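Following: one structure in structure tokens, then a few remarks.
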Amino acid sequence: TDRWDRSVFKSREGDHPKLLIFLPPNITNVIEIDLYRKKDTPNFQIIATIPVDSNEYTDTTVTIITGGHQSNETLAKYYAKYKYVEESKTLISSPSDTITYNRVEGNGISKKGEMREVYSYNLRQNYPNPFNPSTTISYSLKEDGIVELKVYDILGREVKTLVNERETKGSHTVSFNAAELASGVYFYKLKVNDYVAVKKMLLIK
């Protein structure tokens, strides 16, 4: 692609939206791609962090409607933001073009007339990354549960417990200050119910 406003394209995988995501022509040193979605919510929310060597994402949590009208029809909109390195700093771009799926299944209406949020288990990439000395880790929970979020060094030794308590389903964010740690590669691990995920981060001082 040679236009910034046409870097995300619309496809489908079975009954699910499939986004084709290409690097913008005016940004170099891209390290990650954040994909955002708005469906049944007032604002866009990040749903995935995609490596630069993967240019597609299938949103299996959203179902495309075909055939006759359904009472819970809604829209699903997507855009991408690009994390890139410039002069040793990690920056994030403005949003790409917005892709819209006009007919997807909504979450439905509760008895009080409010939209019901649907969450999945997801551990997101910390931001910024690399970082010095603080970074933010975000995750979402499909169900309530005892959450363990811990940081380990390259040798697998535990260096910090960020969360060790019961939390409710939904989106959560925690800050990690590594001022007392040495530069290097660290891992953070999320455990809740039957879900376990690990991601890597880089501390540069």
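Residue numbers (the working numbering): 140 to 344. Glycine is no exception: its CB is placed at the ideal position from the N, C-alpha and C atoms. On a predicted model such as this, the values are computed, not experimentally measured, just so you know.
Of the listed residues the options, nearest to residue i (C-alpha basis)
i: His208; options: Asp283, Ala219, Arg242; result: Arg242
i: Thr199; options: Ser310, Val290, Tyr291, Glu244; result: Glu244
i: Asp333; options: Ile285, Gly295, Ala321; result: Ile285
i: Ser259; options: Lys157, Ile185, Pro156, Gly153; result: Ile185
i: Thr307; options: Glu297, Gly295, Tyr278; result: Tyr278
i: Thr205; options: Tyr240, Val147, Glu297, Pro269; result: Tyr240
i: Val169; options: Leu320, Asp192, Pro181, Leu214; result: Asp192
i: Tyr325; options: Asp173, Thr312, Phe183, Gln264; result: Gln264
i: Asn288; options: Asn182, Lys338, Asp154, Thr180; result: The sequence given here has Leu at residue 288, not Asn. Nearest C-alpha to Leu288: Lys338.
i: His155; options: Tyr266, Leu320, Ile203; result: Ile203
i: Arg296; options: Thr312, Asn268, Asn182, Leu320; result: Leu320
Beta carbon of residue i nearer than 8 Å to that of residue j
i: Asp212; j: Pro190; result: In the sequence as displayed, the identity of residue 212 is Glu instead of Asp. Result no, Cβ atoms of Glu212 and Pro190 do not sit closer than 8 Å.
i: Glu195; j: Leu162; result: no
i: Leu280; j: Val201; result: no
i: Lys216; j: Lys177; result: yes
i: Ile166; j: Ser232; result: yes
i: Lys157; j: Thr197; result: yes
i: Asn290; j: Tyr266; result: The displayed chain sequence assigns Val, not Asn, to residue 290. Going by C-beta atoms, Val290 is not nearer than 8 Å to Tyr266.
Beta-carbon proximity list for residue i, same chain, < 6 Å, skipping 5 on both sides
i: Ala336; result: Leu262, Leu329
i: Tyr218; result: Tyr175, Pro234, Ser235, Thr237
i: Gly252; result: Because Gly252 carries a pLDDT of 43, less than 50, the predicted location of this residue cannot be relied on, and the following value inherits that uncertainty. Hits under 6 Å: none found.
i: Thr140; result: With a pLDDT of 48 at Thr140, under the threshold of 50, the modelled position of this residue cannot be trusted; read the value that follows with caution. Once the five neighbours on either side are set aside, the close Cβ partners of Thr140 are Ser146, Phe161.
i: Lys344; result: Asn271, Ser322
i: Pro269; result: Leu341, Ile343
i: Ser310; result: Ser279
i: Phe183; result: Tyr175, Lys177
i: Asp173; result: Ile185, Thr188, Lys220
Close-in-space but distant-in-sequence residues of the same chain around residue i (CB under 8 Å, 5 per side omitted)
i: Gly323; result: Asp292, Ile293, Leu341, Leu342
i: Lys250; result: Unreliable placement is indicated for Lys250, whose pLDDT of 41 sits below 50; the coordinate value is still reported in the next sentence. Once the five neighbours on either side are set aside, Lys250 has no close Cβ partner at all.
i: Leu230; result: Lys222, Tyr223, Val224
i: Arg305; result: Asp283, Gly284, Ile285, Val286
7 Å Cβ shell around residue i - same chain, five flanking residues per side excluded
i: Glu282; result: Lys308, Asn332
i: Glu152; result: Thr197
Could you give the uninterrupted runs of the beta strand (DSSP E) lying entirely in the stretch 175-249, keeping only those of 3 residues or more?
184-190, 195-197, 212-225, 228-231, 238-244
Are three or more beta carbon pairs between the stretch 288-303 and the stretch 213-226 nearer than 8 Å?
Contact fails between the stretch 288-303 and the stretch 213-226, because fewer than three Cβ pairs, one in each stretch, are under 8 Å apart.
Are the stretch 262-279 and the stretch 307-326 touching by the rule of at least three beta carbon pairs closer than 8 Å?
yes
For a minimum of 3 consecutive residues, which ranges assigned as the beta strand (DSSP E) are wholly contained in the stretch 276-318?
284-292, 297-306, 309-316
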